[in-house]
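If you read the sequence shown in the working numbering, its first letter stands for residue 7, the second for the next number, and so on. Down below is the structure, laid out as C-alpha coordinates.
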Amino acid sequence: MQRTMMDFWVGLFVIAGIGALLILGMKVGNLTTYQTGESYTLVGNFENIGGLKVRAPVKSAGVVVGRVADIQFSLETYDAVVTINMDARYQFPQDTFASILTSGLLGEQYVGLLPGGDDAMLSDGDRFMKTNSAIVLEDMIGRFLFDKASEDKDF
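Here it is in C-alpha coordinates:
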(Lines of atoms letter the chains of each structure in order from A and count residues from 1; the text may use other names and numbers.)
(Lines give C-alpha, C1' and ligand atoms only; values in the text may rest on other atoms or scores of the structure.)
Protein backbone atom coordinates (compact mmCIF):
# COMPACT_ATOMS: atom_id res chain seq x y z
CA MET A 1 0.00 0.00 0.00
CA GLN A 2 2.82 2.39 0.91
CA ARG A 3 4.63 1.67 -2.39
CA THR A 4 1.45 2.26 -4.42
CA MET A 5 0.90 5.66 -2.83
CA MET A 6 4.54 6.64 -3.51
CA ASP A 7 4.18 5.58 -7.18
CA PHE A 8 1.00 7.65 -7.46
CA TRP A 9 2.69 10.83 -6.19
CA VAL A 10 5.76 10.30 -8.40
CA GLY A 11 3.49 9.81 -11.43
CA LEU A 12 1.51 12.94 -10.55
CA PHE A 13 4.75 14.92 -10.21
CA VAL A 14 5.98 13.67 -13.61
CA ILE A 15 2.68 14.61 -15.28
CA ALA A 16 2.85 18.10 -13.71
CA GLY A 17 6.43 18.49 -15.00
CA ILE A 18 5.42 17.49 -18.52
CA GLY A 19 2.51 19.94 -18.37
CA ALA A 20 4.84 22.74 -17.26
CA LEU A 21 7.22 21.98 -20.15
CA LEU A 22 4.29 22.03 -22.58
CA ILE A 23 3.15 25.44 -21.33
CA LEU A 24 6.72 26.76 -21.50
CA GLY A 25 7.04 25.51 -25.07
CA MET A 26 3.81 27.27 -26.04
CA LYS A 27 5.02 30.52 -24.45
CA VAL A 28 8.31 30.38 -26.32
CA GLY A 29 6.55 29.59 -29.61
CA ASN A 30 4.05 32.47 -29.21
CA LEU A 31 1.18 29.99 -29.33
CA THR A 32 -0.56 31.14 -26.17
CA THR A 33 -1.77 34.47 -27.54
CA TYR A 34 -3.34 33.11 -30.71
CA GLN A 35 -6.63 34.85 -31.42
CA THR A 36 -9.28 33.82 -33.89
CA GLY A 37 -11.32 37.03 -33.53
CA GLU A 38 -12.03 39.53 -36.26
CA SER A 39 -8.99 40.97 -37.97
CA TYR A 40 -7.92 42.91 -41.02
CA THR A 41 -4.81 42.66 -43.16
CA LEU A 42 -2.13 45.30 -43.74
CA VAL A 43 0.97 45.05 -45.94
CA GLY A 44 4.35 46.74 -45.68
CA ASN A 45 7.51 46.67 -47.80
CA PHE A 46 10.83 46.58 -45.95
CA GLU A 47 14.37 46.70 -47.36
CA ASN A 48 15.65 44.43 -44.57
CA ILE A 49 13.56 42.45 -42.08
CA GLY A 50 16.51 41.09 -40.10
CA GLY A 51 15.31 38.11 -38.04
CA LEU A 52 11.59 38.89 -38.21
CA LYS A 53 9.51 35.71 -38.28
CA VAL A 54 5.94 34.74 -39.03
CA ARG A 55 3.77 35.03 -35.87
CA ALA A 56 6.00 37.80 -34.50
CA PRO A 57 4.02 40.38 -32.54
CA VAL A 58 2.93 43.73 -33.91
CA LYS A 59 3.00 46.31 -31.11
CA SER A 60 1.94 49.87 -30.58
CA ALA A 61 2.82 51.57 -27.28
CA GLY A 62 3.98 48.17 -26.01
CA VAL A 63 0.58 46.54 -26.57
CA VAL A 64 0.24 43.60 -28.99
CA VAL A 65 -2.24 44.74 -31.66
CA GLY A 66 -1.58 42.08 -34.28
CA ARG A 67 0.71 39.36 -35.63
CA VAL A 68 2.91 38.91 -38.68
CA ALA A 69 0.97 36.58 -40.99
CA ASP A 70 3.32 36.16 -43.94
CA ILE A 71 6.72 37.23 -45.26
CA GLN A 72 7.49 37.11 -48.99
CA PHE A 73 10.23 38.39 -51.29
CA SER A 74 9.10 40.73 -54.07
CA LEU A 75 10.76 40.10 -57.45
CA GLU A 76 9.56 43.50 -58.72
CA THR A 77 10.95 45.72 -55.95
CA TYR A 78 13.56 43.31 -54.49
CA ASP A 79 12.45 43.83 -50.93
CA ALA A 80 10.50 41.93 -48.28
CA VAL A 81 6.70 42.12 -48.28
CA VAL A 82 5.34 41.62 -44.77
CA THR A 83 1.65 40.84 -44.32
CA ILE A 84 0.17 41.64 -40.92
CA ASN A 85 -3.09 40.52 -39.34
CA MET A 86 -4.36 43.34 -37.13
CA ASP A 87 -6.96 42.91 -34.42
CA ALA A 88 -10.15 44.64 -35.61
CA ARG A 89 -10.44 46.49 -32.28
CA TYR A 90 -7.42 48.62 -33.17
CA GLN A 91 -7.64 51.14 -36.00
CA PHE A 92 -4.63 53.19 -37.13
CA PRO A 93 -4.34 56.33 -39.30
CA GLN A 94 -3.17 55.98 -42.90
CA ASP A 95 0.11 57.75 -42.15
CA THR A 96 1.13 55.18 -39.52
CA PHE A 97 4.86 54.44 -39.49
CA ALA A 98 5.82 50.72 -39.33
CA SER A 99 9.29 49.80 -38.02
CA ILE A 100 11.02 46.52 -37.31
CA LEU A 101 12.34 46.74 -33.76
CA THR A 102 14.11 44.43 -31.33
CA SER A 103 13.13 43.60 -27.75
CA GLY A 104 16.31 44.40 -25.85
CA LEU A 105 19.78 44.09 -27.33
CA LEU A 106 19.50 40.55 -28.69
CA GLY A 107 15.79 39.80 -28.19
CA GLU A 108 13.06 38.84 -30.61
CA GLN A 109 12.16 41.19 -33.43
CA TYR A 110 8.70 42.64 -33.82
CA VAL A 111 6.86 45.24 -35.89
CA GLY A 112 6.31 48.50 -34.05
CA LEU A 113 3.59 50.89 -35.17
CA LEU A 114 3.78 54.63 -34.59
CA PRO A 115 0.41 56.23 -35.37
CA GLY A 116 0.29 59.42 -37.39
CA GLY A 117 -2.27 62.20 -37.33
CA ASP A 118 -4.32 61.50 -40.46
CA ASP A 119 -8.11 61.41 -40.12
CA ALA A 120 -8.50 58.52 -42.58
CA MET A 121 -7.89 55.07 -41.12
CA LEU A 122 -6.14 52.05 -42.61
CA SER A 123 -8.52 49.36 -43.83
CA ASP A 124 -8.27 45.76 -44.97
CA GLY A 125 -5.61 45.28 -47.66
CA ASP A 126 -4.00 48.73 -47.29
CA ARG A 127 -0.23 49.29 -47.38
CA PHE A 128 1.93 51.18 -44.94
CA MET A 129 3.24 54.25 -46.74
CA LYS A 130 6.15 54.69 -44.33
CA THR A 131 8.33 51.81 -43.17
CA ASN A 132 11.67 51.53 -41.40
CA SER A 133 13.78 48.40 -41.87
CA ALA A 134 15.47 46.41 -39.14
CA ILE A 135 18.77 47.58 -37.72
CA VAL A 136 21.22 44.73 -38.16
CA LEU A 137 23.76 44.55 -35.33
CA GLU A 138 26.51 43.23 -37.62
CA ASP A 139 26.08 46.21 -39.98
CA MET A 140 26.34 48.65 -37.08
CA ILE A 141 29.51 47.01 -35.79
CA GLY A 142 30.99 46.99 -39.29
CA ARG A 143 30.25 50.71 -39.77
CA PHE A 144 31.74 51.51 -36.37
CA LEU A 145 34.93 49.58 -37.14
CA PHE A 146 35.18 51.13 -40.61
CA ASP A 147 34.77 54.63 -39.17
CA LYS A 148 37.42 53.93 -36.53
CA ALA A 149 39.83 52.61 -39.17
CA SER A 150 39.31 55.67 -41.38
CA GLU A 151 39.96 57.99 -38.39
CA ASP A 152 43.29 56.26 -37.71
CA LYS A 153 44.44 56.82 -41.31
CA ASP A 154 43.94 60.60 -40.94
CA PHE A 155 46.68 60.88 -38.32
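Glycine is no exception: its CB is placed at the ideal position from the N, C-alpha and C atoms.
Within its chain, find whatever has a CB closer than 6 Å to the CB of residue i; leave out the 5 residues flanking it on each side and keep chain order.
| i | result |
| --- | --- |
| Tyr96 | Val71 |
| Ser80 | Val87 |
For residue i, which of helix, strand or coil comes out of DSSP?
| i | result |
| --- | --- |
| Gly5 | The requested residue 5 is not part of the displayed model; the chain covers only 7 to 161. |
| Ser156 | helix |
| Ala26 | helix |
| Thr108 | strand |
| Ile141 | coil |
| Gly31 | helix |
| Phe19 | helix |
CB-CB under 8 Å to residue i, same chain, minus the five flanking residues each way: which ones, in chain order?
| i | result |
| --- | --- |
| Gln100 | Gly122, Asp124, Ala126, Met127, Leu128, Asp132, Met135 |
Hey, would you say the C-beta of residue i is under 7 Å away from at least one heavy atom of the ligand ZN?
| i | result |
| --- | --- |
| Met12 | Because no ligand of any kind appears in the structure shown, any question about the ligand ZN cannot be addressed here. |
Use the C-beta contact count for residue i: other C-beta atoms within 10 angstroms, 16 or more gives buried, fewer gives exposed.
| i | result |
| --- | --- |
| Ala104 | buried |
| Tyr116 | buried |
| Arg149 | exposed |
Leaving out five residues before and five after residue i in sequence, what residues of the same chain have Cβ atoms less than 7 Å from its Cβ?
| i | result |
| --- | --- |
| Thr108 | Gln115 |
Which residues does DSSP pair with residue i in a beta bridge?
| i | result |
| --- | --- |
| Gly72 | Val64, Met92 |
| Met127 | Pro99 |
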